[in-house]
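Let me begin by presenting the structure, written as structure tokens, before commenting on it.
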Ligand SMILES: Cc1cc2nc3c(=O)[nH]c(=O)nc-3n(C[C@H](O)[C@H](O)[C@H](O)COP(=O)(O)OP(=O)(O)OC[C@H]3O[C@@H](n4cnc5c(N)ncnc54)[C@H](O)[C@@H]3O)c2cc1C
Ligand code: SF4
Ligand code: SF4
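Protein chains in written order, with our numbering: chain A, 1311 to 1692; chain B, 15 to 668.
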């Protein structure tokens, strides 16, 4: 191998793009040993960090796009290095300087988001179509809650059922809520993690002004990705709203007796902690409390649970990128779910749902295990 | 202002440290115009002998009655200049210092702003010094006995140093025997000396020493007084065995039918309800563990009593309170090992053959639970062993610091494993830290014995096997950062190098002895470089691992250092106490007691008869907390009077 020399300029660009946590890394390798990619292929995280420290990153490499930002590594890193921030900085450097190619599938998706406000490329006006026949009020000043359905729940015909279940539950509990529909856009969470900072910022600004103009105080979300963005990222752009994830809200409705179960659900269920709700937001108990309160339902745990949950593989833009068969975390997760003997895999995140639905089909598990959002399970039992 | 005030001011260049930024000539010129200043000079190094002589000469020749030096921080040289004043016959409290280095030239590159600030600081010091008063430094006599708390190698070493100089030592140890962690070991790095061969002679010397009074199974309950004159209450817990009668034959232990996990053997073996810690325990007198003794629990048994020919068992024994007076205190309470079960992915508590370093020490010890044999839970010999470094150390999730001994004992283990078994040894390390004398050589020697080094922090210990070869083994999963690939090492035994941490009761002990703790929980020394064994409480010292993780050589060095400090105090027979203390005007004191609890040095007490608070001058450090808090304005902090401080402020502002 040829000798290399440190390239400070590149290192400085990475740092400017938000990669400064890399300075703390002392190269113990624990991140590489912890990363779920180990289950399917190698991903030497610590080496990428070291290359970034010295400005010697190979920007052309597909590894730049590999991290799913699951934070499994951050949780254990002895120096507390925010590794996904470093990975994001590499992507931002590519996007802002054009020094390498952005993977095609990702590029197209982001183009959709920036032109029509959602990754699916659907028309903005159709954003509230899922609720057409449901008699849902439009949010007006004074309404208690704004229900913000994520793009996938709003547009994907397979997942719209989650938004509908949510509405049914809210109505049953007589909650004062409304939706905004066409004006709002994608929250921008994955777009940002994929390195598209300017697209993210315009999405954030749009949503913040739409919410502010409508007089929104409290936002209810059914995607943990929206939850993360609204709580952790929007405040830096002036968007300060009270944000509640549906897991928290549902747990409260049940506890306060505003929602009563009338049916037994004879299912053996295992719950998948999504990275965004778990490791990012620290919400582990509420989903379990909800499931355990459903009559007849038996809750079992997978071997990797809570803080150690295995990522579905869909975050940080990876949902829009092709992952080869045999390398999909969601396939392994389905196996883990089956090991418990469960017939239902409960989720609380649209990305997880998409990935798992896909895995169930492509690995021929339909009929053996079904994937359900917790909102759907609750709807069935009330 | 009295007209006889004659102030001399010296502006120091400190080489270029000050003069490179501050225009010292301009400041000197400015100073000459300040009230009562009869002379102002600048000089390159005021702290040098010529600089000090200049002050002395000027005091004598010009009749200076006050001196100001504008230079560095008082922490550096206040003592130097006060001394110079004193030598020239001027009371040292008539001196003041303006810090134009740390607070000025070092914190800006703006020359003109720095010069302006220097003028303000000098002007403040000049105005203040003219209001300062002479204070007399008092001396108090010192008790020549010493209290040492904790009987590990640190406490033992300090006790022998002081005892050998024929001064009385009270050595208080919580456990039934002295020895601490070192007594648990088999061999010690880097020389591989047998721990008991080098340690038991010291333990027995302590046991028989005519100047050392050993109080084992005891704890300090209360400390009052101050440097030179501490009063200490010690609770000697009942052993239920009469020390004066016991011959140490051990028949009681043999006959006791009740077994519990042995703490000394780290749970690898059982001990009886009546027990000694280890065969060479000092004193060699058993103790009854009332939490497990069936007589204490249910009122029956008394087997030990029946068999003891010496009639030494005494179920009626009571705790004893002993009160002693000592001049100095050495705290040597050591460390505890980090509990690795909190790092779930290393499997401690889940897999039988994942053990801690201390468990391994006991296993290697000839008088330990396996009589020195390295064995798996099922009694067989391991064919491969992994040693995982930094478990709980160098990790912000647990302890950020390096525990300083693990790399070295891990190497020691490699040797012991190689010596006693034919097993392969794998070390999962982040950095090898072998910094001490003879340590790198030890590393080389051990490398030569053929150890597998894997550079990376182990990610997981698991029984989820993949290959045939892994069947029935524990697999250590680790990123080998040198290979750049994930490595799976199947082994029979895993040893976790757990961090050394502050004892869980360190907070209470710190409060008892009025010492502070650093962020890592260990006791804090007065100065990390220049005063490493003293604490902020005069006359109280910290040594060994209670101050921070360290090896035996460093522990012993600290213990000897503290002994020397204590002896120098005792041999002088008296100590000077702070003159700039606070005092209470009894006429003004309303008896509200607000100050009593605020004093960080516990110097204030309440005199019930007169209904006023009182400050113990020997304990007061002059911090001024009470003076600031007193609602009646009854407290004056000498050398920091309101008048002096107001004058100083005025000086800055004009
Ligand atoms: C696994 C392991 C292996 C090691 N191997 C080596 C080696 O080979 N070579 C080497 O140089 N170093 C080694 N060390 C380091 C060594 O253990 C320490 O340097 C040494 O034991 C420190 O002694 P100490 O007296 O400060 O503390 P300790 O040994 O902890 O002794 C403290 C004593 O104080 C007592 N005590 C605690 N609190 C109180 C209280 N409140 N009142 C009264 N008494 C109290 C305790 O019971 C104990 O007896 C090793 C450390 C570990 C963890
Ligand atoms: S775990 Fe943290 S410190 Fe260790 S190599 Fe990874 S980023 Fe660096
Ligand atoms: S965030 Fe997840 S995918 Fe990314 S490097 Fe860390 S462990 Fe791997």
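For each residue, glycine too, the CB sits at the ideal point set by N, CA and C.
Cβ-heavy atom distance, residue i to ligand 2, below 6 Å
i, result
"residue 1437 (chain A)", "no"
"residue 1338 (chain A)", "yes"
"residue 1381 (chain A)", "no"
"residue 1710 (chain A)", "Only positions 1311 to 1692 of chain A appear in the structure, and residue 1710 (chain A) is not among them; the question remains open."
"residue 1387 (chain A)", "yes"
"residue 413 (chain B)", "no"
"residue 1335 (chain A)", "yes"
"residue 492 (chain B)", "no"
"residue 541 (chain B)", "no"
"residue 1341 (chain A)", "yes"
Contact test: residue i Cβ vs ligand 1 heavy atom, cutoff 6 Å
i, result
"residue 565 (chain B)", "yes"
"residue 569 (chain B)", "yes"
"residue 33 (chain B)", "no"
"residue 60 (chain B)", "no"
"residue 1358 (chain A)", "no"
"residue 549 (chain B)", "no"
"residue 278 (chain B)", "no"
"residue 377 (chain B)", "no"
"residue 203 (chain B)", "yes"
Residues near residue i by beta carbon distance below 6 Å, same chain, minus five either side
i, result
"residue 16 (chain B)", "In this prediction, residue 16 (chain B) has a pLDDT of 47, which is less than 50 and means its spatial position is unreliable; what the coordinates show is noted afterwards. Result list for residue 16 (chain B): empty, nothing under 6 Å."
"residue 129 (chain B)", "36, 37 and 40"
"residue 152 (chain B)", "591"
"residue 122 (chain B)", "128"
N-terminal and C-terminal residue of the alpha helix (DSSP H) that residue i is part of
i, result
"residue 459 (chain B)", "453 to 462"
"residue 1428 (chain A)", "Premise fails: residue 1428 (chain A) is in no alpha helix (DSSP H) and is neither H nor E."
"residue 309 (chain B)", "308 to 312"
Candidates the options, of which the one nearest residue i by Cα
i, options, result
"residue 1580 (chain A)", "A:1529, A:1547, A:1646 and A:1570", "A:1646"
"residue 1429 (chain A)", "A:1621, A:1497 and A:1670", "A:1497"
"residue 390 (chain B)", "B:367, B:376 and B:482", "B:367"
"residue 1693 (chain A)", "A:1601, A:1607 and A:1558", "No statement about residue 1693 (chain A) is possible, as the shown extent of chain A runs from 1311 to 1692 and does not include it."
"residue 66 (chain B)", "B:663, B:616, B:636 and B:97", "B:97"
"residue 1527 (chain A)", "A:1655, A:1431, A:1663 and A:1451", "A:1451"
"residue 1695 (chain A)", "A:1669, A:1532 and A:1448", "With chain A covering only 1311 through 1692, there is no way to say anything about residue 1695 (chain A)."
"residue 77 (chain B)", "B:471, B:58, B:315 and B:103", "B:103"
"residue 1357 (chain A)", "B:538, B:495 and B:23", "B:495"
"residue 1554 (chain A)", "A:1560, A:1495 and A:1530", "A:1530"
"residue 1597 (chain A)", "A:1512, A:1564 and A:1410", "A:1564"
"residue 386 (chain B)", "B:200, B:635 and B:194", "B:200"
Beta-carbon proximity list for residue i, same chain, < 8 Å, skipping 5 on both sides
i, result
"residue 1649 (chain A)", "1612 and 1613"
Boundaries (first-last residue) of the beta strand (DSSP E) holding residue i
i, result
"residue 504 (chain B)", "499 to 505"
"residue 155 (chain B)", "152 to 155"
"residue 1680 (chain A)", "1680 to 1683"
"residue 404 (chain B)", "398 to 405"
"residue 1462 (chain A)", "Residue 1462 (chain A) -> not in any beta strand (DSSP E); alpha helix (DSSP H) instead, spanning 1461 to 1465."
"residue 582 (chain B)", "Counting along the chain, residue 582 (chain B) falls outside any beta strand (DSSP E), though it belongs to the alpha helix (DSSP H) covering 566 to 586."
"residue 443 (chain B)", "438 to 443"
"residue 178 (chain B)", "Premise fails: residue 178 (chain B) lies in the alpha helix (DSSP H), 167 to 178, not in any beta strand (DSSP E)."
Near ligand 5: residue i beta-carbon under 6 Å from a heavy atom
i, result
"residue 1391 (chain A)", "Inclusion of ligand 5 in the displayed structure is not the case, the ligand content consisting of ligand 1, ligand 2 and ligand 3 alone."
Assess, as a yes-or-no matter, whether the region 599 to 609 of chain B is touched by the region 638 to 655 of chain B under the definition of 3 or more beta carbon pairs within less than 8 Å. Yes: the two stretches touch, three or more of their Cβ pairs being nearer than 8 Å.
May I ask you to verify whether the region 221 to 228 of chain B touches the region 170 to 186 of chain B, counting CB pairs closer than 8 Å and requiring at least 3? By the Cβ criterion, the region 221 to 228 of chain B is in contact with the region 170 to 186 of chain B, since at least three pairs of Cβ atoms, one from each stretch, lie closer than 8 Å.
Decide yes or no for the touch test of the region 1388 to 1396 of chain A against the region 1414 to 1432 of chain A: beta carbon pairs closer than 8 Å, at least 3 of them. no
Cβ contact (3+ pairs, closer than 8 Å) linking the region 1355 to 1368 of chain A and the region 1314 to 1324 of chain A: Touching, yes, given that three or more Cβ pairs across the two stretches are closer than 8 Å.
Check whether the region 252 to 261 of chain B and the region 269 to 279 of chain B touch, using three or more Cβ-Cβ pairs below 8 Å as the test. No: the two stretches stay apart, fewer than three of their Cβ pairs being nearer than 8 Å.
Kindly confirm or deny that the region 82 to 89 of chain B and the region 103 to 120 of chain B touch, where touching means at least three C-beta pairs closer than 8 Å. Enough Cβ pairs lie closer than 8 Å, so yes.
Segment contact, 8 Å Cβ cut-off, at least three pairs: the region 402 to 421 of chain B with the region 517 to 525 of chain B: no
Below 8 Å, how does it come out for the region 1479 to 1494 of chain A and the region 1445 to 1459 of chain A: are there three or more Cβ pairs, yes or no? Touching, per the Cβ criterion.
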